[in-house]
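**Q** Chains S and A, in that order, give the protein sequences. Going by the numbering used here, the first residue of the first sequence is number 1188, and it counts up by one from there. Going by the numbering used here, the first residue of the second sequence is number 1467, and it counts up by one from there. Think of the CB as a built atom: it goes at the ideal place given N, C-alpha and C, for glycine as much as any other residue. Everything numeric in this text was worked out from a predicted model, so none of it was measured.
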Amino acid sequence: DAKTTQPPSMDCAEGRAANLPCNHSTISGNEYVYWYRQIHSQGPQYIIHGLKNNETNEMASLIITEDRKSSTLILPHATLRDTAVYYCIVRVYGNKLVFGAGTILRVKS
Amino acid sequence: GAVVSQHPSRVICKSGTSVKIECRSLDFQATTMFWYRQFPKQSLMLMATSNEGSKATYEQGVEKDKFLINHASLTLSTLTVTSAHPEDSSFYICSARVTGDLAGYNEQFFGPGTRLTVL
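Below you can see the structure in the form of structure tokens.
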């Protein structure tokens, strides 16, 4: 599975959109982009995933560039409860999940 | 979504004792479960893949005799930390793979984790 690169940390004002970038320049055609988050001392929570089209669900939107070498997770109206570590994972569907360092998102009032 | 539970949520034990952690899929059957370990301020590290009715597959560097995994039913996997020592103190998290109708948008659900402290 392809390696991902994420900024170590980001801050976001409460109520504003949080845009979390992820680089995956070596992604191959059958690899999906997955996003999970982990709130302190809890198990990871699935957010969204996509292959090449942009995706949206009740939690977030996922924007994947046309060349698929990078993506952005968007939390449209961040709240204090969205403070967490966000993990971008690229893998073939069904393969084991390998977690990188992730991005610590701090939502501030 | 599918629910995965872990028991206990927190355990403190003395050095040299063995500790068993249970991972259950509450509303679905899981032929495959995964065990992760997470040290403070670090990311999750996959320890092993547990398949129902067969031996677990351990990641490189994980001692299979130290971390015993049993997946005897489609809803339960257990991790036993044998002869625990302070360096085994960590946050242990399991996940279960969902298949079929529940898979939909996701196919791995995580438990809430178990905090192990070895004195």
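Check whether the Cβ of Asn1240(S) lies closer than 7 Å to any heavy atom of the ligand HEM, and answer yes or no.
**A** Of the ligands one can find in the structure shown there are none, so the ligand HEM has no counterpart to examine.
**Q** Does chain S have any CB closer than 8 Å to the CB of Leu1568(A)?
**A** Residue placement at Leu1568(A) is flagged as unreliable, the pLDDT there being 48, under the threshold of 50; the coordinate-derived value follows with that caveat. Output row for Leu1568(A): interface = no.
**Q** What residues in its chain sit with their C-beta under 6 Å from that of Val1294(S), if we drop five residues either side in the sequence?
**A** Result list for Val1294(S): Cys1199, Glu1201, Ala1265, Leu1267, Asp1269, Thr1270, in chain order.
**Q** Between which two residues does the beta strand (DSSP E) containing Val1547(A) stretch?
**A** Val1547(A) -> beta strand (DSSP E) spans 1542-1547.
**Q** Return helix, strand or coil for Glu1553(A), following the three-state DSSP convention.
**A** Here Glu1553(A) sits in helix by DSSP.
**Q** State the Cα-Cα distance for the pair Thr1243(S) and Ile1235(S), rounded to the nearest angstrom.
**A** Cα-Cα distance, rounded: 8 Å.
**Q** Does chain A have any CB closer than 8 Å to the CB of Gly1237(S)?
**A** It does not: the Cβ of Gly1237(S) has no partner Cβ on chain A nearer than 8 Å.
**Q** Looking at the C-beta of Gln1574(A), does it have a partner C-beta in chain S at a distance below 8 Å?
**A** Interface residue, yes.
**Q** Give the list of continuous beta strand (DSSP E) stretches no shorter than 3 residues that lie fully inside the region 1191-1266 of chain S.
**A** List check, beta strand (DSSP E) in window: 1196-1200, 1205-1210, 1218-1225, 1232-1237, 1248-1251, 1257-1262.
**Q** Might you give, ordered along the chain, the residues of its own chain that have their beta carbon closer than 8 Å to the beta carbon of Pro1195(S), omitting 5 neighbours on each side?
**A** Once the five neighbours on either side are set aside, the close Cβ partners of Pro1195(S) are Ala1288, Thr1290, Ile1291.
**Q** For the region 1479-1488 of chain A against the region 1521-1532 of chain A, do three or more pairs of beta-carbon atoms, one drawn from each stretch, fall closer than 8 Å, so that the two count as touching?
**A** Because the criterion of three Cβ pairs below 8 Å is not met, the region 1479-1488 of chain A and the region 1521-1532 of chain A do not touch.
**Q** Quick one: what's got a C-beta closer than 6 Å to Ser1248(S)'s C-beta in the same chain, skipping five residues either side?
**A** Here the set comprises Ile1261.
**Q** Measuring only the C-alpha atoms, how far is Leu1545(A) from Thr1583(A)?
**A** Taking the straight line from one Cα to the other gives about 15 Å.
**Q** Does the region 1488-1497 of chain A come within contact of the region 1222-1238 of chain S, defined as at least 3 CB pairs closer than 8 Å?
**A** Flag = no, the region 1488-1497 of chain A and the region 1222-1238 of chain S do not touch.
**Q** Below 8 Å between beta carbons: does that hold for Thr1523(A) and Arg1563(A)?
**A** Cβ distance not < 8 Å, so Thr1523(A) and Arg1563(A) don't count as in contact.
**Q** How far does the beta strand (DSSP E) with Asn1536(A) in it reach, from first residue to last?
**A** 1533-1539 is the span of the beta strand (DSSP E), which, as asked, contains Asn1536(A).
**Q** Quick one: Cα of Ile1559(A) to Cα of Thr1252(S), how far?
**A** Roughly 32 Å between the two C-alpha positions.
**Q** Apply the 10 Å Cβ neighbour rule to Gln1574(A) and answer buried if 16 or more other Cβ atoms are within range, or exposed otherwise.
**A** Gln1574(A) should be labelled buried.
**Q** From the DSSP output, read off the bridge partner residues of Phe1500(A).
**A** Per DSSP, Thr1515(A), Ser1561(A).
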